[in-house]
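Single-structure report; data block below.
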Amino acid sequence: MLRVATWNVNSITSRLPRLLPWLAEGEIDVACLQETKVADDAFPHSDLAAAGYEVAHHGLGRWNGVAVVSRVGLKDVEVGFDAAPAFGDPEAVEARAITATCGPARVTCVYVPNGREPDNPHYAYKLRWLDALGDAISGDVSADRPYAVLGDYNVAPTDADVWDPEQFVGSTHVTAPERDALARLRGLGLHDVIPRIAKGPHPYTYWDYRGGAFHKGQGMRIDLVYGNEAFAAAVRDAVVDREMRKGTGPSDHAPVIVDLDL
DNA sequence: ATGCCTTTCCCAGAAAGA
Numbered sequence: 228m229l230r231v232a233t234w235n236v237n238s239i240t241s242r243l244p245r246l247l248p249w250l251a252e253g254e255i256d257v258a259c260l261q262e263t264k265v266a267d268d269a270f271p272h273s274d275l276a277a278a279g280y281e282v283a284h285h286g287l288g289r290w291n292g293v294a295v296v297s298r299v300g301l302k303d304v305e306v307g308f309d310a311a312p313a314f315g316d317p318e319a320v321e322a323r324a325i326t327a328t329c330g331p332a333r334v335t336c337v338y339v340p341n342g343r344e345p346d347n348p349h350y351a352y353k354l355r356w357l358d359a360l361g362d363a364i365s366g367d368v369s370a371d372r373p374y375a376v377l378g379d380y381n382v383a384p385t386d387a388d389v390w391d392p393e394q395f396v397g398s399t400h401v402t403a404p405e406r407d408a409l410a411r412l413r414g415l416g417l418h419d420v421i422p423r424i425a426k427g428p429h430p431y432t433y434w435d436y437r438g439g440a441f442h443k444g445q446g447m448r449i450d451l452v453y454g455n456e457a458f459a460a461a462v463r464d465a466v467v468d469r470e471m472r473k474g475t476g477p478s479d480h481a482p483v484i485v486d487l488d489l
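The letter at position 163 of the first sequence is residue 390 when you use my numbering, and the numbering goes up by one with no holes.
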């Protein structure tokens, strides 16, 4: 059994007291982490090493930052992806993707650009980014080896993936071009591994910090596990770890945990 | 939510998040 997870930690520094016990008690084999918000030299490498995890981190400072941590081996790391677009300066590609092979599976950890508003240049950047991602990963998707793209996609695939679609009319995360971009990824051979419902109407993964959104059930499913044929066929269970959205110092995202018969 | 929380930059308030 291989247990693979994705979690937007919203600062690895702030979340370390939650991350370490979660890894240990949850018996997580591989975790894809987003929004570490640190440069590589500020990542808590020694804490993860002491916990038994190898780390591949890609961070450039206060924004973005992604990591794969694994206790089942970690090799063939690829930082970013081929022809990853930049927002402005072509030399300033943001730290939003990292890929590694962990035991029997290969994973790409992604933090998809937010997009801000549909008429904002960051929205066009988001669509470019997703398109280029698809081009870059098609080989791994079609390979026989279990492979998945896990992370914060910043897109709710369907209206059921937001707590109130009426609230999102005209917003990012729900527009047709964004959903088309996910459909294209599925068209390459990726399958949306949807967690089972633990509570409420839907397996949401994100709740705003403000206004008691979590307790009101005002969530979104935007943290996704997209697995290729071999990965999807090996899935035995998938859950949202809602407990991690509770308690002291939570991230605004909850982890998604997938058990694989590998 | 017109950002009502949180984080990082760093010690004041901007920027960003979804």
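A virtual CB, placed ideally from N, CA and C, is assigned to each residue, including glycine.
- Nearest Cα to GLY300 within the set PHE314, ALA294, PHE308, GLU281: GLU281.
- In this chain, the beta strand (DSSP E) harbouring TRP234 covers 229 to 235.
- Buried is the label assigned to HIS480, since at least 16 other Cβ atoms lie within 10 Å of its Cβ.
- As the crow flies, the alpha-carbon of ALA425 is around 14 Å from that of PHE441.
- Proximity to ARG242 across GLY444, LEU489, ARG472 peaks at ARG472, based on C-alpha coordinates.
- Restricting attention to beta strand (DSSP E) runs no shorter than 3 residues, the stretch 430 to 456 encloses them at 450 to 454, ordered along the chain.
- DSSP links THR328 through a beta bridge to LYS302, ARG333.
- Annotated three-state conformation of ARG463 is strand, per DSSP.
- As DSSP reads the structure, LEU287 sits in a beta bridge with ALA266.
- For PRO422, same chain residues with a beta-carbon under 6 Å away, outside a window of 5 residues either side, are PRO430, ALA465, VAL466, VAL467, VAL483 in chain order.
- ASN455 and SER369 have their C-alpha atoms roughly 7 Å apart.
- Look at GLU254 here: in three-state DSSP terms it is coil, with no helix or strand label.
- Counting only the Cα atoms, TYR374 lies some 11 Å from ALA460.
- Nearest neighbour of VAL452 by Cα position, chosen from THR432, GLU470, ARG289, turns out to be THR432.
- Inside the stretch 381 to 440, DSSP marks whole alpha helix (DSSP H) runs of 4 or more residues at positions 403 to 414, from first to last along the chain.
- DSSP, read as helix, strand or coil, puts GLY474 in coil.
- With respect to ASP367, TYR338 sits apart: the two C-beta atoms are not nearer than 8 Å.
- Going by DSSP, ASP486 is part of the beta strand (DSSP E) stretching over 483 to 487.
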